[in-house]
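Visitor: In my numbering, each number is its position in the sequence shown, counted from 1, plus 9.
This is the structure I want to talk about, given as structure tokens.
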Amino acid sequence: MTARHRGWRNAKRIALVGSVLIAALAYGNHRWQQLLHTQGIEQLSWQGLRLVAEGPVLHHLQLERRQADGGRLQISAEGLVLAWPERNDEGWQLPQLRIAHLELDWHPPPSGDSTPAASLPVLRGLAALPRDLTIDAFDIRLPCASGRCPLQGSLQARHAGPRLLPASLELQLRHQGQRLALHADLDGQTDLRELTLQAHLRLNDQPLAQLSTTLDSHGTEQAWQGELAVSGLPETPWLWEWLGQWLVPLPTGAAPPLQAMQLEAGWRLYWPQGPVGLRRLRETARGEARLHARLPEPWPLAGVGLLQGNLALELAGAAGDWLPRQLQADLYLTQPQGTWLEGLPETLRPKTLQLQIAPLAPQPGKAAEDTAILPLSLQLRTQGPVQAALQGELHIAPRQPDWRIELDAAAIKVDAPRLQLSDTRLERLNARLWLSGRLDRERLQLALGKASHLNLGQLAQPGLRLERLQGELAGLHLAAELTDGALHELRLSGPLRMQTQRLSHPRLRPQGWAWQGRLDAGLERQQLNGKLQGERGLGVDLQLQHSLDGTLAVDARLAEIFLHAGNPLAETLLDWPTLLELDKGRLQGNAHLRLRPGAPLQGELELRPKGLSGVYDRSELGGLSGRLQARLHGPRLELRLAELEVTHLNPGLPLGPLRLRGQYSASLAQPLRGQLDWQQAELALLGGRAWLAPASQGLSSGSATFAVQLEGLQLGELFRLYPAEGLAGQGTLDGRLPLLVGPAGMRIEQGRLANRGPGVLQFRSEKIRALGRANPAMTLVAEALEDFHFGLLSSDLGYDEQGKLRMALRLEGRNPSVEKGRPIHFNINLEEDIPALLTSLQLTDRVNESIRQRVQQSLRKNSDAP
10 MTARHRGWRN AKRIALVGSV LIAALAYGNH RWQQLLHTQG IEQLSWQGLR
60 LVAEGPVLHH LQLERRQADG GRLQISAEGL VLAWPERNDE GWQLPQLRIA
110 HLELDWHPPP SGDSTPAASL PVLRGLAALP RDLTIDAFDI RLPCASGRCP
160 LQGSLQARHA GPRLLPASLE LQLRHQGQRL ALHADLDGQT DLRELTLQAH
210 LRLNDQPLAQ LSTTLDSHGT EQAWQGELAV SGLPETPWLW EWLGQWLVPL
260 PTGAAPPLQA MQLEAGWRLY WPQGPVGLRR LRETARGEAR LHARLPEPWP
310 LAGVGLLQGN LALELAGAAG DWLPRQLQAD LYLTQPQGTW LEGLPETLRP
360 KTLQLQIAPL APQPGKAAED TAILPLSLQL RTQGPVQAAL QGELHIAPRQ
410 PDWRIELDAA AIKVDAPRLQ LSDTRLERLN ARLWLSGRLD RERLQLALGK
460 ASHLNLGQLA QPGLRLERLQ GELAGLHLAA ELTDGALHEL RLSGPLRMQT
510 QRLSHPRLRP QGWAWQGRLD AGLERQQLNG KLQGERGLGV DLQLQHSLDG
560 TLAVDARLAE IFLHAGNPLA ETLLDWPTLL ELDKGRLQGN AHLRLRPGAP
610 LQGELELRPK GLSGVYDRSE LGGLSGRLQA RLHGPRLELR LAELEVTHLN
660 PGLPLGPLRL RGQYSASLAQ PLRGQLDWQQ AELALLGGRA WLAPASQGLS
710 SGSATFAVQL EGLQLGELFR LYPAEGLAGQ GTLDGRLPLL VGPAGMRIEQ
760 GRLANRGPGV LQFRSEKIRA LGRANPAMTL VAEALEDFHF GLLSSDLGYD
810 EQGKLRMALR LEGRNPSVEK GRPIHFNINL EEDIPALLTS LQLTDRVNES
860 IRQRVQQSLR KNSDAP
């Protein structure tokens with residue numbers, strides 16, 4: 010039993026130890042997975058692990074890591090040999106790592122600044138790498154200008170362990186059998202507060218570039234100084250093909266000879282303690298820098314183009330403000346490219362740019378405080394669809410913080426024989442501008458001087474053409490606020506004068522126009538105020554305003570027109586009715602138009618005639634006054650007549666006054682099928698009046714009926730105007746006329762006239778008497794009508810679209826001198842051609858000469874017609 014119990018106890022101990030080991034392994038695996046997840050490692054695998062006397066050997070390693078910002082890194086390594094860790098007074102160290110072949114593929118974050126900031130902790134972290142790292146061969150794929158590009162080569166890096174320094178790097182890149190080698194030595198203090206870097210770049214064992222730089226982090230500031238020198242090389246065409254993948258692709262045959270290129274640079278910068286990043290350097294660094302470059306042949310610059318020439322530059326700056334202390338340049342840029350061109354239309358982009366900057370002799374008489382000013386001459390020329398040239402003087406005061414740049418005596422010339430901007434065509438563009446300005450840490454100011462002008466031979470758009478356009482631009486000012494090196498609240502303002510000798514438009518008569526006003530344009534709102542004047546007398550005060558949301562508002566006021574001096578509207582508008590002539594009175598008006606993206610068009614128009622007189626077709630009119638309002642809201646049109654009055658009308662017989670007050674609304678799709686409402690419609694006629702009671706009438710069917718009421722018409726006035734010999738009388742008539750208006754014209758059905766009280770009709774004509782003598786049956790009629798006193802005079806009345814008036818007249822009364830005044834009843838049917846009657850009246854002296862001439866011309870045309 011004792012042995013059995015002892016065996017049972019051993020089994021339990023073994024089970025317990027196994028359970029602990031399993032739990033430990035499970036926990037270790039869990040922590041290992043947590044570590045991988047924390048580091049963003051999505052895949053980690055290896056093959057061929059074995060241990061030898063020198064240390065662990067691994068045949069293959071595969072790793073994939075995804076960063077939180079979206080970046081991704083893939084590593085595949087072959088033939089890894091790691092020496093056993095060593096321990097000394099400074100702790101454990103990895104003495105050596107050798108990799109036979111390394112493949113690396115890096116995808117940066119989709120957006121944002123992926124450039125890491127250098128700092129002392131980062132440098133200290135490099136001490137954890139093996140003291141001797143050798144990669145016999147590597148293949149790396151990185152992002153480049155042409156997409157993704159490969160790098161092939163080898164690497165050897167050494168450092169001093171936990172102290173890190175001194176450290177060295179040997180990097181060799183191979184491309185098509187050529188070698189580009191970088192050797193760098195990093196040394197400094199053990200606390201890394203002072204670092205010195207010496208680097209040499211060689212191409213096929215020949216010197217290419219040399220860098221010497223020092224970083225000092227003592228105190229509250231960091232100091233960085235250095236020098237860079239790049240010398241020429243023998244001709245190496247393959248290098249340009251390679252660099253073109255990383256910088257900017259070069260066209261065939263564009264590779265410059267490297268042996269002619271020279272570059273020297275030096276700098277001394279200071280900034281507060283903290284991480285070192287390009288953005289932080291731009292915003293906080295102060296100091297000075299110099300650059301001397303000689304590029305006898307075109308040199309590719311990413312985002313710029315092919316640059317050629319010489320540059321000598323010395324800069325001084327602080328807190329992001331950097332200005333030259335010395336500057337001389339003679340640069341020539343071809344095949345320009347980059348985001349700086351994207352704001353220009355394709356047809357305005359230059360093909361070449363030439364910049365020349367040279368020192369100027371100091372002007373005599375300058376004050377002592379101006380001795381620090383750098384005077385420069387500036388010339389800039391562009392070639393392409395637009396040829397432009399800028400020539401002037403720059404005066405730079407780089408003293409911080411109150412630096413400033415002044416532009417004096419600058420002249421700009423712009424010439425373009427022909428330009429096509431979308432659907433706008435420009436021909437013979439010529440501009441001459443005289444410019445002065447100032448830029449400081451707070452604002453930018455530019456002003457156009459006297460004689461600044463713009464000439465344009467022709468501007469053409471669909472339906473619009475301006476010929477010989479001239480603009481006076483003197484006095485225009487451009488101003489902007491400067492914050493953090495960027496321009497804000499940009500504003501262009503000042504007087505603006507434009508004139509064209511001929512403007513052609515489908516709805517306007519060709520003539521010259523002139524504009525004089527003021528421009529006030531900012532980033533959020535642009536406004537133009539002034540007067541537009543046509544050479545034939547029409548003037549309009551205009552205000553145009555464009556907002557950031559795309560809303561365009563136009564306000565126009567018609568300058569008061571005195572028609573006795575002529576009618577500029579008829580001389581300007583092609584749609585002006587040819588039969589309407591106005592020669593007296595005044596006219597005023599104003600309009601408002603509002604166009605907003607995604608919203609219906611809105612517009613308002615108001616015309617205020619006063620005492621207008623003239624001729625319409627064959628009718629004379631006078632004393633037209635009142636107010637006409639029109640309103641457009643999307644597809645709806647509304648018209649309103651407010652107290653419109655015409656003192657007199659004369660289509661052959663005098664009428665008036667005419668008074669109208671009402672409104673009309675319709676859709677633009679069917680403007681003649683709307684709704685008509687009137688509050689007053691009244692015409693003085695033959696001593697009485699014709700009128701419509703207030704009502705509404707829909708015109709959706711294309712025709713309408715109006716119940717015209719007649720009241721107080723005087724027979725004496727009618728017979729006075731009617732061209733019938735010996736006809737006279739007295740009496741008052743009332744009636745109604747159902748007036749039907751349709752596509753075929755106007756007609757009256759079942760009209761009715763009747764007398765109001767007794768009256769007298771006298772028809773004393775020798776022709777009637779002769780008819781009575783010749784026909785005994787007519788004797789009584791002729792005698793009775795010579796002095797007929799009627800108690801009833803009524804008539805049924807009809808009128809057709811051809812102008813025929815038909816009347817069934819019933820007359821009851823007596824002649825006191827005929828048969829002792831016995832009652833006599835007449836039934837008379839009358840027919841009259843009203844257009845012909847009006848024509849005969851219009852040939853008399855009752856109308857003006859213009860109407861008579863129109864009638865005579867119409868009669869001659871009708872007689873000449875076959």
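Backbone N, C-alpha and C define an ideal beta-carbon position, used for all residues, glycine too.
Given the structure is predicted, the values throughout are model-derived calculations rather than measurements.
What is the DSSP secondary structure of L201, counted as helix, strand or coil?
Guide: It is coil, neither helix nor strand.
Visitor: Could you tell me whether the stretch 326 to 334 touches the stretch 347 to 357, where touching means 3 or more Cβ pairs closer than 8 angstroms?
Guide: The stretch 326 to 334 is not in contact with the stretch 347 to 357.
Visitor: Which of helix, strand or coil does DSSP assign to A154?
Guide: A154: coil per DSSP, three-state reduction.
Visitor: Please check the pair R188 and Q161, which I expect to be a contact at CB under 8 angstroms, by giving their CB distance rounded to whole angstroms.
Guide: Not quite, the Cβ-Cβ distance comes to about 11 angstroms (not below 8 angstroms), so this is no contact.
Visitor: Confirm, please, whether the CB-CB distance from L802 to L818 is below 9 angstroms.
Guide: In this structure, L802 lies closer than 9 angstroms to L818 by Cβ.
Visitor: With a cut-off of 8 angstroms, do at least 3 Cβ pairs link the stretch 192 to 199 to the stretch 171 to 180?
Guide: Cβ pair count under 8 angstroms is three or more, so yes.
Visitor: Helix, strand or coil, according to DSSP, for G598 in the structure here?
Guide: Strand, per DSSP.
Visitor: Tell me whether the stretch 605 to 613 and the stretch 578 to 588 touch, counting them as touching only if at least three CB pairs, one residue from each stretch, are closer than 8 angstroms.
Guide: Not touching, per the Cβ criterion.
Visitor: Starting from the N-terminal side, write out each stretch of the beta strand (DSSP E) that is 3 residues or longer and does not extend beyond the stretch 682 to 724.
Guide: As far as the stretch 682 to 724 is concerned, its whole beta strand (DSSP E) runs of at least 3 residues are 684 to 694, 697 to 701, 704 to 707 and 713 to 723.
Visitor: Tell me which same chain residues have a C-beta within less than 7 angstroms of the C-beta of G631, skipping the five on either side of it?
Guide: Contacts found: S622, T656 and H657.
Visitor: Kindly indicate which three-state DSSP category K619 falls into: helix, strand or coil?
Guide: Strand at K619.
Visitor: Taking just the CA atoms, how far does L685 sit from L708?
Guide: Each residue's alpha carbon lies about 7 angstroms from the other.
Visitor: Closest by CA to A489, which one among A530, G559, E498 and L482?
Guide: If we check each option's Cα against that of A489, E498 comes out closest.
Visitor: Are the CB atoms of L730 and L695 within a distance shorter than 9 angstroms?
Guide: Contact flag set, yes.
Visitor: Over what stretch of residues does the beta strand (DSSP E) that includes P832 continue unbroken?
Guide: Note, P832: premise wrong, no beta strand (DSSP E); not H, not E.
Visitor: Based on DSSP bridge pairs, tell me the residues matched to Q388.
Guide: In DSSP, Q388 forms a bridge with Q365 and Q400.
Visitor: From which residue to which residue does the alpha helix (DSSP H) around T293 run?
Guide: From DSSP, the alpha helix (DSSP H) with T293 extends over L287 to T293.
Visitor: For the putative contact between L491 and E451, defined by C-beta atoms under 8 angstroms, what is the C-beta separation to the nearest angstrom?
Guide: Between E451 and L491 the Cβ distance is about 6 angstroms, and since that is below 8 angstroms, they are a contact.
Visitor: How close, in whole Å, do the beta carbons of R534 and S556 come, if the pair is a contact with beta carbons under 8 angstroms?
Guide: Yes, R534 and S556 are in contact; Cβ-Cβ is about 5 angstroms, under 8 angstroms.
Visitor: Would you say the stretch 339 to 348 touches the stretch 452 to 463, given that touching needs at least three Cβ pairs under 8 angstroms?
Guide: No, because fewer than three Cβ pairs between the stretch 339 to 348 and the stretch 452 to 463 fall closer than 8 angstroms, the two stretches do not touch.
Visitor: Just the C-alpha distance for G559 and L435, rounded to the nearest angstrom, thanks.
Guide: Spanning the two alpha carbons is a distance of roughly 25 angstroms.
Visitor: Work out the CA separation of R640 and A675 for me, nearest whole Å.
Guide: Distance between the alpha carbons of A675 and R640 is about 11 angstroms.
Visitor: Beta-carbon within less than 6 angstroms of I149's beta-carbon, same chain only, minus the 5 sequence neighbours each way: which residues are those?
Guide: These residues qualify, in order along the chain: L113 and L160.
Visitor: With distances taken between CB atoms, is the gap from L561 to R603 smaller than 9 angstroms?
Guide: It is a contact, given that the beta carbons lie within the stated cut-off.
Visitor: So, using beta-carbon positions, are L387 and L403 closer together than 9 angstroms?
Guide: A contact, by the Cβ cut-off of 9 angstroms.
Visitor: Could you spell out where the alpha helix (DSSP H) holding A639 opens and where it closes?
Guide: From DSSP, A639 is part of no alpha helix (DSSP H) but of the beta strand (DSSP E) over S628 to H642.
Visitor: Quick check: E654 and G635, are their CB atoms within less than 9 angstroms of each other?
Guide: Yes. Within cutoff.
Visitor: How should F728 be labelled, buried or exposed, when 16 other C-beta atoms within 10 angstroms of its C-beta is the threshold for buried?
Guide: Answer is buried; the Cβ neighbour count reaches 16.
Visitor: With DSSP as the reference, identify every bridge partner of P216, one or two as the case may be.
Guide: BP columns for P216 point to R211.
Visitor: Identify the continuous alpha helix (DSSP H) that holds A793 and give its terminal residues.
Guide: Looking at the DSSP string, the run of the alpha helix (DSSP H) that includes A793 is T788 to L794.
Visitor: Have a look at Q363, I837 and W93 and flag the residue whose alpha-carbon is nearest the alpha-carbon of P104.
Guide: Looking at the Cα atoms, W93 is the closest of the given residues.
Visitor: Alpha carbon to alpha carbon, what distance is there between M755 and N659?
Guide: Their Cα atoms are separated by approximately 19 angstroms.
Visitor: By how many angstroms is the C-alpha of Y808 removed from the C-alpha of D842?
Guide: Their Cα atoms are separated by approximately 10 angstroms.
Visitor: Can you give me the C-alpha to C-alpha distance between L210 and Q479, rounded to a whole angstrom?
Guide: Between L210 and Q479, the C-alpha separation is close to 59 angstroms.
Visitor: Determine the burial state of S155: buried for a count of at least 16 other Cβ atoms within 10 Å of its Cβ, exposed for fewer.
Guide: Under this definition S155 is an exposed residue.
Visitor: Nearest-angstrom Cα distance between A420 and L206?
Guide: A420 and L206: Cα-Cα distance of roughly 48 angstroms.
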